Amino acid sequence: MENHLKFLVSFVVAACLTACQGVSFHTNLTPDYVVNSYEASKVVEYSAEEVYNHDSQMIGDVSASYCQTLNTPAPSYSRVVDALKYKVQRLGGNGIVIMECSKENPFATCEARLECRALAYEVNFS
């Protein structure tokens, strides 16, 4: 009886291990997207008044836009702001002040277009 139990357990384990053979997963999370999202998360969004209450220095301006074409999602504010934050981080900044966003509909080959401009800051927290 004990040999039958070992055989049954071995068979179940082998079946489980081979059942997943050939299974693949597809996602839109590319390595670049994950890295960009992580880098953007390091940048804090401030209002113009808030950034002046900190020891901060403006290091430049950035802009980002998103164009909706056929079969693509509508422009989202959060995606454009994440792109701005990533650009700020690449400049060496850790703070951002969104100056303006404009939504144009339609624009050239875009069904809808969202563009934002912001100021990049290096904020000293110490």
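To convert a position in the sequence shown, counted from 1, into the numbering used here, add 26. Beta carbons are placed, not taken as given, at the ideal position from N, Cα and C, and that holds for glycine. Since the structure is predicted, the reported quantities are computational estimates derived from the model, not experimental observations.
Counting along the chain, L110 sits inside the alpha helix (DSSP H) bounded by residues Y103 to L117. A straight-line Cα-Cα distance of about 44 angstroms links N79 and L96. When E76, M84 and K111 are compared, the shortest CA-CA separation from A90 is found for K111. E141 is bridged by DSSP to S91 and S128.
With 16 or more other Cβ atoms from the protein chains shown falling within 10 Å of its own Cβ, Y72 counts as buried. Selection E141, V88, E148 and V149 evaluated against S102 yields E141 as nearest (Cα-Cα).
Around the CB of K113, 16 or more other CB atoms lie within 10 Å, so the residue is classed as buried. Judged by beta-carbon spacing, I85 lies within the 7 angstroms limit of A146, meaning their Cβ atoms are closer than that value.
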